[in-house]
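>
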Amino acid sequence: MKFFIDTANLDQIKEAQELGVLDGVTTNPSLMAKEGITGRNNILKHYVDICNIVDGDVSAEVIATDFEGMIKEGEELAELHEQIVVKIPMTKDGVKAAKYFSDKDIKTNVTLVFSVGQALLAAKAGASYVSPFIGRLDDISTDGLTLIEDIRLIYDNYGFETEILAASVRHTMHIVNCAKIGADVMTGPLSAITGLLKHPLTDSGLAQFIADYEKGNK
Ligand code: E4P
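End of the sequence shown sits at 219 in the working numbering; the numbers just go up one at a time, nothing left out.
1) Taking the C-alpha atoms as reference points, what is the distance between SER205 and GLU215?
2) Any heavy atom of the ligand E4P closer than 6 Å to the beta-carbon of ALA168?
3) Let me know the secondary structure DSSP gives ALA126 once reduced to three states.
4) Which residue spans inside the segment 107–188 form an unbroken alpha helix (DSSP H) run of at least 4?
5) Note down, one range per segment and in chain order, each alpha helix (DSSP H) of at least 4 residues found wholly within the segment 64–111.
6) Can you tell me whether DSSP reads GLY25 as helix, strand or coil?
7) So does the segment 39–54 actually touch the segment 5–24, counting three or more Cβ pairs closer than 8 Å?
8) With a threshold of 6 Å on Cβ separation, who are the neighbours of LYS108 within its own chain once the five nearest residues in sequence on each side are excluded?
9) Indicate the three-state DSSP secondary structure (helix, strand or coil) for ILE38 in the structure shown.
10) With distances taken Cα to Cα, identify the nearest neighbour of LYS15 among HIS175, GLU80 and ASP56.
11) Rounded to whole angstroms, what's the CA-CA distance from LYS88 to ILE141? Just pull it up for me.
12) Beta-carbon within less than 8 Å of SER116's beta-carbon, same chain only, minus the 5 sequence neighbours each way: which residues are those?
13) Have a look at SER60 and ILE211 and give me their C-alpha separation to the nearest angstrom.
14) Closer than 6 Å to a non-hydrogen atom of the ligand E4P - does that hold for the CB of ARG41?
15) Rounded to the nearest angstrom, how far is the Cβ of VAL131 from that of THR163, given a contact under 8 Å?
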């Protein structure tokens with residue numbers, strides 16, 4: 002299972018990269034705005050800065066909502082760096098754009114996916130990644146993990162190569178459950194990734210080991 006971090010914060014990306022378990026980064030316009038990154042040139046530069054920190058794929062989202070606009074922006078993004086994956090919204094024009102980029106061997110991430118039907122379309126269009134937003138489904142009392150299970154089943158039925166990128170991951174159990182289901186990738190905040198480290202028995206066991214060592218080596 003690949004671990005992506007879902008942020009545009011360079012310090013957090015560096016921290017996850019230094020942990021040695023990071024496989025890529027996802028961003029979106031809201032995450033860029035949260036970091037105060039505004040203006041086309043600054044945004045493009047920020048994507049390159051992110052690519053220079055991590056080794057894996059970096060999703061960069063188009064702002065245009067029409068087919069021609071998505072193609073123009075997506076081609077500009079893809080030329081920025083070989084690690085860039087063009088992130089496209091799940092709309093009619095977005096599906097057409099995913100197919101266009103797939104035919105050109107440009108990687109895509111179809112985002113804002115909330116149903117199996119949408120995930121099926123993304124795979125048919127040849128998307129590299131599909132991003133079902135599990136946290137946002139949970140927010141409206143719908144089980145996000147069931148969507149991941151259903152997409153896994155359908156993709157496996159037909160051997161679709163589109164990778165299931167569980168997005169809108171909010172906490173450690175989302176990660177663990179996505180791994181049990183067989184999501185190919187998860188993207189979440191640094192807190193969810195580092196949360197996997199925690200267990201009170203690890204802390205108390207380590208404290209005991211150190212105390213016993215110190216007793217015997219006075
Ligand atoms: C995915 O690529 C999105 O950036 C993201 O996971 C959305 O998460 P949120 O629902 O926590 O905003």
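We treat Cβ as the ideally placed atom computed from N, Cα and C, and that holds for glycine.
With the given structure in hand:
1) Locating residue 205 in the sequence shown gives position 204, where the first residue counts as 1. Locating residue 215 in the sequence shown gives position 214, where the first residue counts as 1. Using only the alpha carbons, I get a separation of about 15 Å.
2) Along the sequence shown, one-based indexing puts residue 168 at 167. Proximity of the beta carbon of ALA168 to the ligand E4P is indicated: a heavy atom of the ligand is located closer than 6 Å.
3) For the purposes of this step, residue 126 is identified with residue 125 of the sequence shown, where counting begins at 1. Of the three classes helix, strand and coil, the one that applies to ALA126 here is coil, per DSSP.
4) You should have 117–125, 135–140, 145–159 and 173–182.
5) Qualifying alpha helix (DSSP H) stretches, in chain order: 68–81 and 93–104.
6) Taking the sequence shown and counting its residues from 1, one reaches residue 25 at position 24. Reduced to three states, the DSSP call for GLY25 is strand.
7) In short, these stretches touch, since the Cβ pair count reaches three.
8) Sequence index remark: in the sequence shown, residue 108 carries index 107 (1-based). The residues are VAL86 and SER129.
9) Here residue 38 refers to the residue found at position 37 when the sequence shown is read from its first residue. Here DSSP, grouped into helix, strand and coil, assigns ILE38 to coil.
10) Residue mapping note: residue 15 aligns to position 14 of the sequence shown, counting from 1. Nearest C-alpha to LYS15: ASP56.
11) Reading the sequence shown from its first residue, position 87 is the one you call residue 88. Reading the sequence shown from its first residue, position 140 is the one you call residue 141. The alpha-carbon atoms of LYS88 and ILE141 are separated by roughly 24 Å.
12) Residue 116 sits at position 115 when you count from the first residue of the sequence shown. Answer for SER116: LEU148, listed in chain order.
13) Taking the first residue of the sequence shown as 1, we reach residue 60 at position 59. Taking the first residue of the sequence shown as 1, we reach residue 211 at position 210. Going from the Cα of SER60 to the Cα of ILE211 covers about 43 Å.
14) Against the sequence shown, residue 41 aligns to sequence position 40. The answer is no for ARG41.
15) Along the sequence shown, one-based indexing puts residue 131 at 130. Along the sequence shown, one-based indexing puts residue 163 at 162. Rounded, the Cβ-Cβ distance is 5 Å, consistent with contact.
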